[in-house]
Amino acid sequence: MKIHLIACVAVAAHTVGTLAQAQSSVTLFGIVDASVESIKSGGGSVTRVQSGGTYQSRFGLRGTEDLGGGNTAFFNLENRFGVDDGSMVQGLLFGGRSVIGLAGGWGLLALGREYIPIYQVKTGSTPFVFMNYSSAQVMMRGGASKSDNALRYDSRTWAGASMSLMYSMGEENPVNPQAGRHAGVAAHYAFGKSWVGGGWNRVAVRSAAVDTTNEYVIGARTELGITTVYGNVWRLSTDNRTSPDAVVNLWMAGASAPVSRAGTLMATYARRSSLRPRANDGDDATQILLGYEHALSKRTTLYTQYSRVNNRGRSNLTLSGFANVGAGSAEVSDPRAFQVGMRHTF
Amino acid sequence: MKIHLIACVAVAAHTVGTLAQAQSSVTLFGIVDASVESIKSGGGSVTRVQSGGTYQSRFGLRGTEDLGGGNTAFFNLENRFGVDDGSMVQGLLFGGRSVIGLAGGWGLLALGREYIPIYQVKTGSTPFVFMNYSSAQVMMRGGASKSDNALRYDSRTWAGASMSLMYSMGEENPVNPQAGRHAGVAAHYAFGKSWVGGGWNRVAVRSAAVDTTNEYVIGARTELGITTVYGNVWRLSTDNRTSPDAVVNLWMAGASAPVSRAGTLMATYARRSSLRPRANDGDDATQILLGYEHALSKRTTLYTQYSRVNNRGRSNLTLSGFANVGAGSAEVSDPRAFQVGMRHTF
Amino acid sequence: MKIHLIACVAVAAHTVGTLAQAQSSVTLFGIVDASVESIKSGGGSVTRVQSGGTYQSRFGLRGTEDLGGGNTAFFNLENRFGVDDGSMVQGLLFGGRSVIGLAGGWGLLALGREYIPIYQVKTGSTPFVFMNYSSAQVMMRGGASKSDNALRYDSRTWAGASMSLMYSMGEENPVNPQAGRHAGVAAHYAFGKSWVGGGWNRVAVRSAAVDTTNEYVIGARTELGITTVYGNVWRLSTDNRTSPDAVVNLWMAGASAPVSRAGTLMATYARRSSLRPRANDGDDATQILLGYEHALSKRTTLYTQYSRVNNRGRSNLTLSGFANVGAGSAEVSDPRAFQVGMRHTF
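Chains as they are written, first to last, in the numbering used here: chain Z, 2 to 347; chain W, 2 to 347; chain G, 2 to 347.
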């Protein structure tokens with residue numbers, strides 16, 4: 002449930018007008034998501050209560066104000082917290098999207114901590130969005146989702162097509178002011194029951210080991226009867242300072258379909274391959290992820306997920322951050338994870 | 002005042018229904034509590050502004066959703082802060098009860114950062130609940146109140162009787178995954194104007210010094226005319242790794258009574274004794290605590306409290322965390338504390 | 002927009018009464034402020050996205066309860082955050098005014114983290130309030146704005162005159178309990194279209210280098226036609242432990258005027274002089290600050306500001322915290338800053 006506080010304001014005005022006259026609103030919203038998760042990885046295993054088994058627990062405030070002439074001012078302040086221990090994720094009060102901006106027929110301009118343009122390509126091309134077990138999180142940990150100090154422009158939609166541009170200052174590091182700078186672009190096209198998107202994001206890492214990363218993503222989904230089919234292809238290219246540059250590829254295919262009035266099945270298969278340097282040949286991995294969601298109501302959902310990663314060569318991908326037993330040796334373990342959880346949105 | 006945001010939502014629906022139809026609500030609530038406190042302990046003394054002289058200052062969001070069939074989904078996100086300096090208590094955003102769960106005729110299941118079952122036994126058997134000067138806080142600092150990563154089940158109430166079970170994962174320490182694990186149980190019985198409760202809680206501390214602690218609590222209260230009489234008995238047993246195991250006992254007796262239309266007097270006397278090891282014989286303490294609360298309104302209360310602890314032997318209990326002057330010597334000081342404060346709930 | 006949650010409560014009571022009967026309210030309010038800022042200081046320069054170009058981004062809860070007899074209980078919990086990176090300013094949840102108190106015909110008493118009395122003198126005597134580029138922030142960094150653990154009394158207003166007293170405990174440092182103690186007083190007088198105020202604030206710093214600071218401020222403003230003219234004079238006196246005591250003076254003059262239906266121009270000129278010790282003679286500075294604000298609506302404003310500081314002698318004042326290139330040498334650079342931003346209040 003989104004609490005449209007606008008209604009409160011409108012009440013006072015009830016004797017002199019109608020709800021339609023209200024031109025401003027502040028909405029309090031959130032997600033609470035907890036699960037019990039069991040991970041087995043070689044000789045090691047753990048069973049634990051986790052926050053954000055699917056979506057990170059959060060609360061937020063968002064507001065809009067009609068400026069007239071089709072223009073709107075808006076803000077979005079979104080927190081991330083751990084419901085299992087009450088902590089703030091990353092020590093940030095608003096670790097989610099934290100922006101202020103203007104929107105109108107010309108598009109939308111946002112300033113602050115903002116999603117990179119390809120985030121929407123990543124999340125729109127899989128049934129698992131950006132969930133904890135999704136291939137985006139498990140197979141492409143090097144990928145980015147948000148950037149501080151960002152300016153982002155989203156075009157309006159023309160006949161199903163739209164685009165986004167972002168540039169962020171890398172100001173957080175006073176010694177190396179370029180470190181952390183992002184630049185990105187994405188384009189989307191929706192037609193009939195289908196959608197395709199693609200884009201690029203560059204991060205000036207400027208660390209001792211890494212100079213720059215470049216991510217390229219193309220994704221799509223389409224509805225075939227009651228089934229929605231998804232797919233994406235990623236490339237993550239890392240310009241290293243001393244070691245040779247590295248390039249990895251990922252492709253993912255998936256589907257989701259309702260299996261009852263309240264139940265939805267989802268599945269993806271993903272494969273990550275090392276293209277460069279040659280020394281990493283064969284350090285590949287595959288992931289299978291199965292999920293089922295059961296809606297108890299509009300706002301409350303029970304879910305379960307199972308995932309297995311097959312690490313080959315020296316690939317050492319983990320599930321939900323649980324370290325692989327035997328990591329570092331040529332043969333690392335193949336982690337398996339299972340979780341049952343509950344998610345409530347308000 | 003609890004802000005039932007449900008009302009806001011209902012407004013929009015006002016033209017098509019009634020408030021009774023609303024099936025979801027989110028409530029914003031809180032307590033702001035500040036006091037001026039003066040503590041004297043041997044040669045040392047301090048006068049200071051404190052937050053949470055009685056209840057820790059907090060704000061929170063809680064919500065429920067009717068799932069039909071008598072079942073409800075709920076969440077509770079509760080912060081703790083210092084109104085004296087604006088800080089978050091323990092560095093946690095939701096340092097209070099941070100849970101999501103389901104409730105119905107079968108009971109209640111909660112997942113997250115949750116009170117241990119005996120917390121309700123501890124707080125129901127004294128007029129001072131879990132306040133800063135309460136015997137629970139002053140005399141039994143080794144006791145627990147909440148646990149992260151918990152699963153708690155509360156039964157429904159049968160003819161006044163109910164019970165609670167809790168198990169929490171001890172996952173926070175990767176080196177020693179059992180450290181922090183809690184297990185607990187409590188039972189309650191309310192009859193006429195009386196109530197009794199009892200329970201047990203075990204914490205796998207797994208530190209270098211301490212292996213496990215076990216807490217046992219039995220408490221009761223009853224109304225005798227306008228006076229409510231309280232009492233409880235605790236045992237805290239500590240399994241040490243190298244030093245001999247330790248057992249301490251506490252008993253507390255107290256009463257509260259209205260003295261005017263807005264005023265309530267409260268008093269407790271508590272005695273702590275060391276049972277084991279023998280070397281600690283005589284390291285005992287007693288505490289007297291007097292309180293008066295004056296309700297300015299339904300939501301605003303002025304309060305004053307006085308407490309004195311008599312430390313015997315090597316007992317070194319403090320009031321409000323203010324170090325005893327002369328601590329470490331055989332004769333430590335007997336701290337006295339006095340506070341005047343104001344508490345507002347919303 | 003201030004969300005008066007009182008309205009929500011009143012809805013439920015709508016069938017039995019009117020809005021006027023409601024005697025309690027909780028208000029959710031806030032400011033989101035972001036800018037792009039460019040600073041040049043000698044050979045160094047930076048362009049960056051900043052939070053709080055004018056007012057620090059924040060959200061807050063404030064509430065009042067009518068206690069009858071003309072008395073009110075109130076609280077104010079005010080956060081400060083960075084919209085550019087989602088952080089909490091100073092690591093505090095309520096880094097703004099965090100207080101609980103009582104108000105009535107006899108005045109107002111607040112307890113908690115509170116503004117010092119001369120804060121209102123400082124902010125009332127300049128068009129730039131306490132903004133990031135204001136002379137208060139740039140030229141008098143040694144000045145204080147709030148104090149933890151404070152007790153503040155504000156008198157009621159008698160024929161335009163009022164006064165404030167504050168005392169705060171310096172309890173945060175257990176080794177030196179006096180460190181951080183504040184004492185302050187201010188008086189205000191409003192007559193016709195004019196206002197004057199003055200006051201004093203003393204901080205027991207008790208650091209290795211500094212014993213005590215004393216700040217004295219006198220300020221005024223008056224409306225001359227459509228122009229408002231401002232001025233203030235400050236003295237900051239520092240009692241050092243080993244180095245000789247230091248005294249600096251500041252005077253500031255400014256004006257603001259509407260230039261269109263939505264636009265306002267503001268300007269100040271400030272001069273800081275070192276009075277003592279003699280060794281600092283000539284370590285002076287001047288600052289010019291120009292601002293323009295354009296209201297897009299009642300709650301959304303675009304702004305731009307330009308400032309330049311001339312450092313003389315060994316004066317080393319910075320703009321927006323950006324270090325001067327060449328600092329430490331006899332000739333430090335003269336920083337210039339320019340920003341364009343957007344501010345939204347709710």
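Just so you know, even glycine gets a beta-carbon here, dropped at the ideal spot from N, CA and C. No experiment lies behind these values; they were computed from the predicted model shown.
Is the beta carbon of residue i sitting closer than 8 Å to the one on residue j?
i: G/Ser165; j: G/Leu152; result: no
i: Z/Lys147; j: Z/Gly220; result: no
i: W/Arg1; j: W/Trp252; result: Here chain W covers residues 2 to 347 and nothing more, so residue 1 of chain W does not appear.
i: G/Arg255; j: G/Tyr231; result: It is Gly, not Arg, that sits at residue 255 of chain G in the sequence shown. Cβ atoms of G/Gly255 and G/Tyr231: closer than 8 Å.
i: W/Thr287; j: W/Glu294; result: no
i: G/Gly144; j: G/Leu237; result: yes
i: Z/Tyr134; j: Z/Ser275; result: no
i: G/Ser156; j: G/Gly105; result: no
i: W/Pro178; j: W/Ser257; result: no
i: Z/Asp284; j: Z/Ser244; result: no
i: Z/His183; j: Z/Val204; result: yes
i: G/Ile117; j: G/Asn233; result: no
i: Z/Gly44; j: Z/Val326; result: yes
i: W/Arg300; j: G/Glu172; result: no
i: W/Asn150; j: Z/Asp149; result: no
i: G/Ser88; j: Z/Leu318; result: no
i: W/Gln121; j: W/Ala180; result: no
i: W/Gly125; j: W/Trp196; result: yes
Less than 7 Å between C-beta atoms, sequence neighbours within five positions excluded: which residues of the same chain meet that for residue i?
i: G/Leu68; result: Ala74
i: W/Asp335; result: Arg309, Val310, Asn311 and Asn312
i: W/Asp282; result: Ser275
Excluding sequence positions up to five away, which residues of its chain have a Cβ less than 6 Å from the Cβ of residue i?
i: G/Ser99; result: Leu78, Gly113 and Arg114
i: Z/Glu224; result: Lys194
i: W/His1; result: This structure cannot speak to residue 1 of chain W, because chain W is shown only from 2 to 347.
i: W/Met140; result: Leu251, Ala271, Arg273 and Gln288
i: Z/Arg81; result: Gln57, Arg59, Val90, Gly96 and Gly97
i: Z/Lys41; result: Arg337
i: W/Val260; result: Leu266
i: G/Phe76; result: Gly64 and Ile101
i: W/Val84; result: Val33, Ala35, Ser52 and Ser58
i: W/Gly71; result: Gly105 and Gly106
i: W/Ser25; result: Glu66
Using three-state DSSP, classify residue i as helix, strand or coil.
i: W/Asn80; result: coil
i: W/Lys123; result: helix
i: Z/Asn241; result: strand
i: G/Ala137; result: helix
i: G/Gly185; result: strand
i: G/Asn202; result: strand
i: Z/Gly292; result: strand
i: Z/Asn311; result: strand
i: Z/Gln179; result: coil
i: Z/Thr158; result: coil
i: Z/Val333; result: coil
i: G/Gly97; result: coil
i: G/Ser91; result: The amino acid occupying residue 91 of chain G in the given sequence is Gln; Ser does not appear at that position. It is helical.
i: G/Arg279; result: helix
Per DSSP, what are the beta-bridge partners of residue i in this structure?
i: W/Ser340; result: Reading the sequence as shown, one finds Gln at residue 340 of chain W and not Ser. W/Gln340 pairs with W/Glu38 and W/Gln306.
i: Z/Tyr270; result: Z/Ala254 and Z/Ile289
i: G/Leu110; result: G/Leu103 and G/Tyr154
By Cβ distance below 8 Å, which residues in the same chain neighbour residue i in space, the five residues on each side in sequence not counted?
i: W/Val37; result: Thr48, Arg49, Val50, Gln51, Gln340, Val341 and Gly342
If you pair each beta-carbon of the region 41-60 of chain W with each one of the region 28-44 of chain Z, do three or more pairs fall below 8 Å?
Contact between the region 41-60 of chain W and the region 28-44 of chain Z is not established, with fewer than three Cβ pairs separated by less than 8 Å.
Determine, using beta-carbon pairs with one atom in the region 300-307 of chain W and one in the region 338-345 of chain Z, whether at least three such pairs fall under 8 Å.
They do not touch, by the three-pair rule.
Taking 8 Å as the threshold, find out whether the region 239-246 of chain Z comes into contact with the region 203-218 of chain Z through three or more Cβ pairs.
A contact exists between the region 239-246 of chain Z and the region 203-218 of chain Z.
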